[in-house]
Amino acid sequence: MSNRTESYLVGLVGDGVMPSLTPPMHEREGDVLGLRYLYRPIDLLELGLSGDAVGDLLKSARSLGFNGLNITHPCKQLVLAHLDEVSPDALRLGAVNTVVIEDGRFIGHNTDFSGFAAALATGLPGARLDRVVQLGAGGAGSAVAYALLTAGVQALDLVDVDPARCAARAAELAGLFPGSTVTARTTAELPQLMPMAGGLVHCTPVGMAAHPGVPLDLDLLETRHWVADIVYRPIDTELVRGARAKGCEVLDGGRMAVGQAADSFRIFTGLDADAERMRSHFLELVAKEEVAA
């Protein structure tokens, strides 16, 4: 148990964040560590605010004594202009999802990439990283691709429905990681790419409750492949179930969600969160949601 006596007040800024599982995850971990820890969603949609309000919300949070804010869509890039300091990785990614308020200053971090890196290391130890196919090159996809390349992926094939976005992302990443090969690809190339790949990472909305389905032909998966999904509502997406049925090693989307939350908790408090304990709580929360639905 911690002997700290101070309290923590944290928030989550973004569109549609009221149902987020991040607040209860943080609060439960705070309880276990003996902290007074309060985490509140600050939903832009409910407040009738646009993403441009993030700067004013940061100043308000500072005035009200918040210790920090998590930042999600549509503010991860917009918040950069309002920060006093940004971690090197967040700066390279051009996106911030965690802002700690220290001595009146705003310091930005990115735990999306570090959360996925931790998920990969703990959930798929020994995964082949010579060549990986990634589906989706949007905001979350950028952080995941950065994590993959940081982890040592030698060749990354980026596949996205938006060819221009995919090409731009591949070029950015290739510049940041000159020792690796990053190539923009199309879905039509997947039958040629998958036989060469050791693993597949999925970073599109396909598989979410509102977007059911699978993002590729499951016949392209082989037992030797590892498969990682970042969708966690539901936790067992059609892709995760299909990959397991093929005998693939699988990383469900909950691992990244917990990884980024654990890293943010550490940044806010200076204390290491127990990621496995947080994952158990996360799975409880998801199971309750699924029963209620």
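Each position in the sequence shown, counted from 1, maps to that position plus 182 in our numbering.
Virtual Cβ for every residue (Gly too), placed ideally from N, Cα, C.
Throw me the rounded Cβ distance for the residue i and residue j pair, which I believe falls under 8 Å.
i	j	result
L251	A243	6 Å
G299	A333	Here the sequence assigns Ala to residue 299, which means Gly is not the residue at that position. Confirmed, about 6 Å.
I449	H291	6 Å
L265	S324	Between S324 and L265 the Cβ distance is about 18 Å, and since that is not below 8 Å, they are no contact.
L403	A425	6 Å
Could you have a look at residue i and say whether DSSP puts it in helix, strand or coil?
i	result
T369	helix
E466	helix
E188	coil
L220	strand
L246	coil
T451	helix
D456	coil
G198	coil
T254	coil
D266	coil
G193	strand
M183	For M183, the pLDDT reaches just 39, beneath the cut-off of 50, and the residue's location in the model is therefore unreliable, leaving the point undetermined.
Apart from the five residues just before and just after residue i, which ones in its own chain have a Cβ nearer than 8 Å to its Cβ?
i	result
A379	R313, V314, V315, D339, H407
A356	S362, T363, V364
R459	E211, V214
S296	D271, A329, G441, Q442, D445
R347	A319, G320
Checking 9 Å against the spacing of the C-beta atoms, do residue i and residue j come in under that value?
i	j	result
R222	P206	no
L203	I224	no
C385	A319	yes
V341	L372	yes
A136	I412	Given a span of 183 to 475 for the chain in the structure shown, any question on residue 136 remains unanswerable.
V383	V409	yes
A475	A391	yes
A439	F464	yes
T451	G429	no
E420	G381	no
D294	A277	yes
A366	A352	yes
L260	V268	no
N279	T254	yes
L306	L400	no
L217	L453	yes
R415	E471	yes
L358	L331	yes
G435	R461	no
Looking only at its chain, what residues have a beta carbon closer than 6 Å to the beta carbon of residue i, apart from the 5 residues adjacent to it on each side?
i	result
D285	none
L220	L191
G395	V388
L317	V341, H384, T386, P397
G237	H264
A337	R313, T363
G233	P256, C257, L260
Grab me the residues of residue i's own chain with a C-beta within less than 7 Å of its C-beta, minus the 5 sequence neighbours each way, in chain order.
i	result
L227	D197, G198
F288	L240, H264, L265, D266, V281
I283	A243, R244, F248, N249, G250
H393	P387
V335	L311, V314, S362
Completely contained beta strand (DSSP E) runs for the stretch 381-446, where each covers 3 or more residues
381-384, 408-411, 431-433
What are the uninterrupted segments assigned as alpha helix (DSSP H) that are 4 or more residues long and contained completely in the stretch 273-347, given in chain order?
293-305, 321-333
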